[in-house]
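Okay, so here's the structure we're looking at.
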Amino acid sequence: MTEVLVGPFLDYAFMQRALIAFVILAVLVAAVGAFVALRDLEFASDGLVHAVFPGLAVGAAWGRDGALLGALVAGALAAVILTLVASRVGRADAPVAVVLTTAFSIGVIIVSAGGYPGQLETLLFGQVFAVRDEQLWAIGAATALAATMMWATRRAQLYRAFDPTGARAGGFPPLKTDLVLNLALAVAVVAGSQVLGNLLVLALLVIPAASARNLGAGVRGMVVLAGAFTLLGGWAGLVTAFQASVVHRVSLSPSGAIVGALIAIHAVSLVVLALRRLGRRDAGKRRGSPAAPGDHAPCDDVPAMPSMRRGVASLHAVDPESGVRR
């Protein structure tokens, strides 16, 4: 069993590079993914993912190293536009949908018109087993940038997630806070696209953090668990794809296997969530109370600012186990 689970990473350099990529991405998801889940920004993340695709396509036309620069430019531009639109109209679901479909269509047109449609699959689904050393350096630099942005604004991000009114009163401008988060998210999309491809990177940014939220962890717990689930899913998917493709000669996309592993982790978290809710409901019936102690554990990680504590009451409108707003 050890040979199956560990052997490939000891014997093959391409497996080592792929695993290193997911170690780096685990840090990235921990830094950014938790706030995507807390702010319910999954749809906005989808818009940024698709907005990056034209940049990938244009950059790929300049050579394999141009895709990263093109994606960064496209991602930064999309992050600024979506932030400004959301600040004016509130929820930006409609603008995000327009950006999503328009940008993706432009990217497909660029790829087709450029005479290299064979690269479409690579851009969309990545080449996990073909990660190069220079890509690892690029992913590491992107992770360092995104993590630094989130760390520098961590208090503002927490206030913005749990109490927007208190955040403004506390001196944290919402436009600046949202822009930093969206820019960090765009950088995360670009970094993840280097490994999983543009189409599947959304799963990397959303599923691990959503799984952590299902386990009822506080903010710190979500950050740690999101990173751990990313690494676990990457490792399990790589082993599965290696055994299928290399050992048994059965074609299996490593990107698909990794996303499948992340989905399996999420399914387990849903079972745990259901059991916790059932146990809490039974405990409430025995005590004649609808809720059990500790239902609002996510509040434990909120800084003790008076306006924030008053606003944390709004957090009680969030399901403590799933993080979904009631």
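Sequential numbering from 11 applies to the sequence shown in our numbering. Using N, Cα and C, we set each Cβ at its ideal position, and we do this for glycine too.
Taking C-beta atoms as the reference points, Pro183 and Gly117 fail to come closer than 7 Å. Assignment of alpha helix (DSSP H) within the region 225-284, counting only whole runs of 4 or more residues, yields 229-252 in chain order. Counting of Cβ neighbours within 10 angstroms places Ile120 among the buried residues, the total reaching 16 or more. Under the DSSP assignment, Gln145 falls in the alpha helix (DSSP H) whose first and last residues are 143-162.
Contact check for Pro218 and Gly243: beta-carbon distance about 7 Å, within the 8 Å limit, so the pair qualifies. For the pair Ala236 and Leu280, the Cα-to-Cα distance works out to about 15 Å.
In the DSSP annotation of this structure, the continuous segment of the alpha helix (DSSP H) that includes Phe24 starts and ends at 23-48. Taking the C-beta atoms as reference points, Leu94 is found no nearer than 7 Å to His60.
Burial state of His276 is buried, judged by a 10 Å Cβ sphere holding 16 or more other Cβ atoms.
The region 59-102 is shown to contain whole alpha helix (DSSP H) runs of 4 or more residues at 76-99, in chain order. When only Cα atoms are considered, Ala157 and Arg297 end up about 44 Å apart.
Cβ-Cβ distances below 8 Å link Val249 to Val14, Leu15, Pro18 in the same chain, with the five nearest sequence neighbours on each side left out; the list follows chain order. By the Cβ neighbour-count rule, Asp188 is buried, with 16 or more other Cβ atoms within 10 Å of its own. Here the region 142-159 makes contact with the region 203-219; the two share three or more CB pairs at distances below 8 Å.
Distances from the CA of Ala113 to each of Gly85, Asp173, Ala123 were compared; the closest alpha carbon is that of Gly85. Leu48 is not a Cβ neighbour of Leu195, given a cutoff of 7 Å.
In this structure Leu29 is not in contact with Phe135, their Cβ atoms being roughly 19 Å apart against a cut-off of 8 Å. Spatial neighbours of Ala88 in its own chain (CB-CB distance under 6 Å, excluding positions within 5 residues in sequence) are listed in chain order as Leu58, Ala61. If the five residues before and after Asn208 are omitted, its C-beta is found closer than 7 Å to the C-beta atoms of Val59, Val62, Phe63, Leu66, Leu133, Leu134, all from its own chain and listed in chain order. Bounds of any alpha helix (DSSP H) do not take in Pro183, whose DSSP letter is neither H nor E.
Membership of Leu15 in the alpha helix (DSSP H) is indicated by the continuous run 12-15.
About 5 Å separates the Cβ atoms of Phe45 and Gln167, confirming a contact at the 8 Å cut-off. Its Cα nearest to that of Val90, the residue Val197 stands out among Ser255, Val37, Val197. Taking a 10 Å sphere around the C-beta of Arg290, we find 16 or more other C-beta atoms and assign the residue as buried. Taking each of Arg142, Met159, Ser122, Arg259 in turn and checking the Cα distance to Val68, the smallest one comes out for Ser122. Relative to Phe32, the option among Asn192, Leu214, Ala227 whose CA is nearest is Leu214. Here DSSP, grouped into helix, strand and coil, assigns Leu51 to coil.
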